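For reference, the structure discussed in these notes is given below.
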Amino acid sequence: MNNNLPTARNISELPNIYCYGCGVCVNVCPTKCIKMVDDHEGFPYPQVDEAHCISCKKCVLDCPGFNEYKNKRQLSDPLFFGGYVQDDRVRFTSSSGGFFTPIAEKIIAAGGVVYGAIYDFDQMTVKHSRAETEIELAPMRKSKYVQSQTADILHQVRKDLLANIPVLFTGTPCQVEGLYLFLERDYPNLLTCDIICHGVPSPGLFQRHFRYLEQKHQSKINKIDFRTKEKGWGGPQNLFLDLGFDASKKLTHSLFDPYYALFLANLSLRPCCFHCKYASTNRRSDITLGDFWGVSKKHPELFDHKGTSLVLINTKKGMEVLESISPSVEIAPIQDVDPFPPNLAKPSHRPRYRDRFFNKISLKDWKKHRLKAHLIAVFSIVKYKVSGLIKNLQKN
Ligand SMILES: Cc1cc2nc3c(=O)[nH]c(=O)nc-3n(C[C@H](O)[C@H](O)[C@H](O)COP(=O)(O)OP(=O)(O)OC[C@H]3O[C@@H](n4cnc5c(N)ncnc54)[C@H](O)[C@@H]3O)c2cc1C
């Protein structure tokens, strides 16, 4: 977190490496003099029209890069559970064990609304959307490996909360903290659910790459699934990319897709992700969801290749919700979370040449540069794996 809070005049004084891109600053500015503008890496950052800034500091005080929301009553330590939903159709269309869906359905059944990330294939982007029905939950399922835009929905969330509508807000941990800072208080009708997050890749890169594939195949993309379970879950078969075109589909191993390989190599992650303050169990959400990697060895009774979630309960409210969905899930408490999932223990590793990589390739000329980018990504993954192997051999 940046420590310039007392002296900063406005959000322009937040160095980019601390900016999560949540867009809270845009939403709280009373003179509307802040807008999000993409940098050369394709990540949005706030830009201030200094002529209209009145130095009220609201953008600074409500920014998760400068500040944190301190009024949430968390359990002293989160409670860990592992499990999956019993409905196989939901599980197949979810990234891990599918816990997002019963939690969201509970809110919808209570007359509430759910906020989550969906694809917008016309704009070729991922953005947060509002669901009032179970049907509208379907596009929110599955992990979209790109930063989702939340800037446009924060006022709507507050409107729903003030109207006493039950609200579930889901997203990355930084988006959840951004929401609380924006709201400036907790609401009894607000439930929040974040994900264990490896980091978010560049929306500009996402757009260029999938637009390029549309051109190459001369067909519109209508489905992107980074977590297809066509080959199962829980081993090397995890990371396949399932793309839907107008009249065909394409299943590619992650390493054969430059965008996916860059994500796995950590080369396309937002700079703040490498020192993310939420890469720990210190969360602002009520519930945290992640993949239960390693479940086959530690809890084989919860493993069947269809996907298992790791669930962290961070608040009393989160526990009540988990109890209320228990008839529709298989679940067991986990006492021995060892080793911790990497992104609950520390932020993702920053490759030494990440910035050089972005300086070398031009997003505008992705068609020309994608092969070079792909080679760098694969080389980086192989190098990382080999150095891990050597370290392990040296230990033993
Ligand atoms: C960028 C990213 C990185 C992740 N990294 C890890 C990791 O390192 N380790 C790990 O254990 N789990 C990670 N996850 C979480 C994991 O992949 C699953 O999302 C989680 O297990 C929930 O799965 P589910 O089966 O319960 O539900 P699903 O139905 O698959 O979950 C969908 C939920 O994820 C939210 N979501 C999807 N994409 C985004 C997005 N781009 N931004 C914000 N919210 C989004 C939706 O709003 C919805 O709430 C990551 C997810 C994302 C999006």
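Read left to right, the sequence shown gives residues 53 to 448 (my numbering).
Ideal placement from N, C-alpha and C gives every residue a C-beta, glycine not left out.
Everything numeric in this text was worked out from a predicted model, so none of it was measured.
Short Cβ contact (8 Å threshold) for residue i with residue j
| i | j | result |
| --- | --- | --- |
| LEU206 | LEU231 | yes |
| TYR72 | CYS324 | yes |
| LEU319 | PRO403 | yes |
| LEU321 | SER200 | no |
| PHE315 | LEU293 | no |
| ALA203 | ASN79 | yes |
| LEU364 | ALA384 | no |
| PHE297 | LYS272 | yes |
| ASN395 | ALA331 | yes |
| VAL373 | ILE160 | no |
| SER181 | GLY168 | yes |
| LYS153 | ARG193 | The amino acid occupying residue 153 in the given sequence is Thr; Lys does not appear at that position. Yes, Cβ-Cβ distance for THR153 and ARG193 is below 8 Å. |
| THR280 | LEU303 | yes |
| VAL137 | PHE151 | yes |
Proximity test, residue i beta-carbon vs ligand 1 heavy atom, cut-off 7 Å
| i | result |
| --- | --- |
| PHE151 | yes |
| ALA169 | yes |
| GLY21 | No answer is possible for residue 21: it lies beyond the span of the chain, which begins at 53 and ends at 448. |
| SER254 | no |
| ASN395 | yes |
| ARG193 | yes |
| ILE63 | no |
| ILE248 | yes |
| LEU235 | no |
| ASP338 | no |
| LEU362 | yes |
| TYR197 | yes |
| GLN227 | yes |
| GLY359 | yes |
| CYS71 | no |
| ASP204 | no |
| ASP343 | yes |
| ASP286 | For the record, residue 286 in the displayed sequence is Gly; it is not Asp. No; taking the cut-off as 7 Å, the Cβ of GLY286 has no heavy atom of ligand 1 nearer than that. |
| GLY223 | yes |
| VAL178 | yes |
| ARG439 | According to the sequence as given, residue 439 is Ser; it is not Arg. Incorrect: SER439 has no Cβ contact closer than 7 Å to ligand 1. |
| SER200 | yes |
| CYS324 | no |
| SER147 | yes |
| CYS74 | no |
| CYS115 | no |
| CYS245 | yes |
First and last residue of the uninterrupted alpha helix (DSSP H) at residue i
| i | result |
| --- | --- |
| LYS110 | 110–113 |
| ILE383 | First-last for ILE383: 381–385, but that is the beta strand (DSSP E), not the alpha helix (DSSP H). |
| GLU65 | Where GLU65 is concerned, there is no enclosing alpha helix (DSSP H), given that its DSSP letter is neither H nor E. |
| ILE159 | 152–161 |
| CYS514 | Since the first and last residues shown for the chain are 53 and 448, residue 514 lies out of range. |
| TRP418 | 418–447 |
| ILE106 | Here ILE106 belongs to no alpha helix (DSSP H), and DSSP marks it neither H nor E. |
| HIS207 | 206–214 |
| TYR330 | No alpha helix (DSSP H) holds TYR330; DSSP gives it neither H nor E. |
is_contact[residue i, chain D] using C-beta, thresh 8 Å
| i | result |
| --- | --- |
| LYS87 | No chain D appears in this structure, which consists of one protein chain only. |
Limits of the beta strand (DSSP E) - the one that residue i falls within
| i | result |
| --- | --- |
| ALA190 | It is not in any beta strand (DSSP E) - ALA190 carries neither H nor E in the DSSP assignment. |
| CYS245 | 242–247 |
| ASN274 | 273–277 |
Opposing strand residues paired with residue i [DSSP bridges]
| i | result |
| --- | --- |
| SER522 | Limits of the chain in this structure are 53 at one end and 448 at the other, which puts residue 522 out of reach. |
| TYR167 | ARG182, PHE221 |
| LYS302 | LEU295 |
| VAL89 | TYR97 |
| PRO253 | LEU321 |
| GLN201 | LYS179 |
| ASP172 | THR177 |
Heavy atom of ligand 2 within 7 Å of residue i beta-carbon
| i | result |
| --- | --- |
| MET371 | For the structure depicted, ligand 2 is absent and the ligand set comprises only ligand 1. |
Tell me, please, whether the stretch 248–257 touches the stretch 90–97 by the rule of three or more beta-carbon pairs shorter than 8 Å.
-> yes
Margin query: Does the contact criterion of 3 or more C-beta pairs under 8 Å hold for the stretch 419–433 versus the stretch 334–350?
Written below: no
Touching or not, the stretch 130–139 and the stretch 164–177, by the rule of three or more beta carbon pairs under 8 Å? no
Quick one: any contact between the stretch 258–276 and the stretch 103–116, if contact means 3 or more CB pairs under 8 Å? no
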